[in-house]
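At the far end of the sequence shown sits residue 294, using the working numbering, and the numbering has no gaps.
Note that the Cβ used here is the ideal one computed from N, Cα and C, for glycine as well.
Keep in mind it's a predicted model, so treat the numbers as computed, not measured.
Inspection log for the structure reproduced underneath, given as structure tokens.
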Amino acid sequence: RHFLDRQLLYDLHNSRFGGRNSYSKTDVDATFMHMKDDHMRNAQLKPGYNVQIGVDSEYIVAADIFSDRNDVWTLVPFLKTMEQNLRFKYPSVTTDSGYESEEGYEFLKENDQIPYIKPQTYEKWKKRSFKQDISKRENMGYDETTDTYTCHAGKALKPLFIKKQKSKSGYESEVTVYECEDCRGCPHKEKCTRAKGNKRLYISKSFLEKRQESYENILSEKGILYRMNRSIQVEGAFGVLKNDYEFQRFLLRRKTKVKLEILLLCMGYNLNKLHAKIQNERTGSHLFPLKGTA
1 RHFLDRQLLY DLHNSRFGGR NSYSKTDVDA TFMHMKDDHM RNAQLKPGYN VQIGVDSEYI
61 VAADIFSDRN DVWTLVPFLK TMEQNLRFKY PSVTTDSGYE SEEGYEFLKE NDQIPYIKPQ
121 TYEKWKKRSF KQDISKRENM GYDETTDTYT CHAGKALKPL FIKKQKSKSG YESEVTVYEC
181 EDCRGCPHKE KCTRAKGNKR LYISKSFLEK RQESYENILS EKGILYRMNR SIQVEGAFGV
241 LKNDYEFQRF LLRRKTKVKL EILLLCMGYN LNKLHAKIQN ERTGSHLFPL KGTA
């Protein structure tokens, strides 16, 4: 009887997880996340929600609540909900690197939306340590005709097989596995791979192609303008909500009530923004212009 009671309790917990690895007993929809506290040096684990907002012309046009702490899995459902509520879709989407995924790129392509997404490795590419790392794919030569990479020692990494993998949301992608012809006795092996056998590369060609397209987009004049405005408008909106309005924590519990709370807050933000724009005669402005270099 004791074991049965314990099993029923475990089943109850598992039913509440919903694909997560934690939940709060005081609010089963909330997930334990790292919170940044200005008064504490170390981030603390507290029950919370992942708040996502979409901003256009300095107004918050969409807001949603997610129990998943990772931004990657929020992009597609957020865009779907936004399109459903607004009854139209934007021609382009600008996000930071935390939202980059092959699934997101594929959704934007099918939805005829231009991606302006910064690659997750964008900042690393600039570092000298990355450019000198012989283990990275980016620092190897590639022959498109033979579909082979050439390592620092001059040996070829040829495609071995293709494996399919499924993401958390069910999206299926193809990953090509490349293996070096022979790593035995290579003087560079310690810097190149930790594998006991030959070095392998796991590459999604579709993801690399879509990433390169987005990378070229963000380097264009329009891409630079959009990314600058994303930083100003989106991060600025969060800054106003959290600091100016002193909204540091939700007052209600459960996902539906919390979403209602953030929507009311966003409505107040938009009213204040409209009033400020009218006072400053900026109602027709949409994007902040790029500042000229000295």
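- In the same chain as L251, and ignoring 5 residues on each side of it, the C-beta atoms closer than 8 Å to its own belong to E261, in chain order.
- The region 178-185 makes contact with the region 198-210, as at least three CB pairs between them are under 8 Å.
- The continuous alpha helix (DSSP H) containing H13 extends over residues H2 to F17.
- In this structure, Q120 sits away from S92, with a CB-CB distance that is not shorter than 8 Å.
- Look at the beta carbons and you see the region 224-243 not touching the region 17-34: under three pairs across the two are nearer than 8 Å.
- D11 has its alpha-carbon roughly 21 Å from the corresponding atom of R254.
- With fewer than 16 other Cβ atoms from the protein chains shown falling within 10 Å of its own Cβ, D147 counts as exposed.
- The residue from T256, I232 and V240 with its alpha-carbon nearest to that of L290 is I232.
- Proximity to M267 across K46, V61, L8 and A30 peaks at V61, based on C-alpha coordinates.
- Nearest neighbour of L264 by Cα position, chosen from S285, F247 and H275, turns out to be F247.
- Runs of the alpha helix (DSSP H) lying entirely within the region 93-167 and spanning at least 4 residues, in chain order: 102-110, 122-125 and 128-131.
- Beta-bridge partners of L45 (DSSP): H34.
- Under the three-state reduction of DSSP, C186 is assigned to coil, being neither helix nor strand.
- For the pair L219 and V76, the Cα-to-Cα distance works out to about 24 Å.
- Scanning its chain for C-beta atoms nearer than 6 Å, with the 5 sequence neighbours on each side dropped, one finds around R230 the residues T94, in chain order.
- Here Y269 is near L241, since their CB atoms are less than 8 Å apart.
- Taking 4 residues as the minimum length, the alpha helix (DSSP H) runs contained wholly in the region 203-280 are 205-219, 221-239 and 255-279, in order along the chain.
- The closest CA to that of G170, considering only W73, K25, K277 and F207, is found on W73.
- In the displayed model, T193 falls within coil according to three-state DSSP, outside both helix and strand.
- In this structure, DSSP gives D71 a helical state, which the three-state scheme calls helix.
- Collapsing the DSSP output to three states places L201 in a strand.
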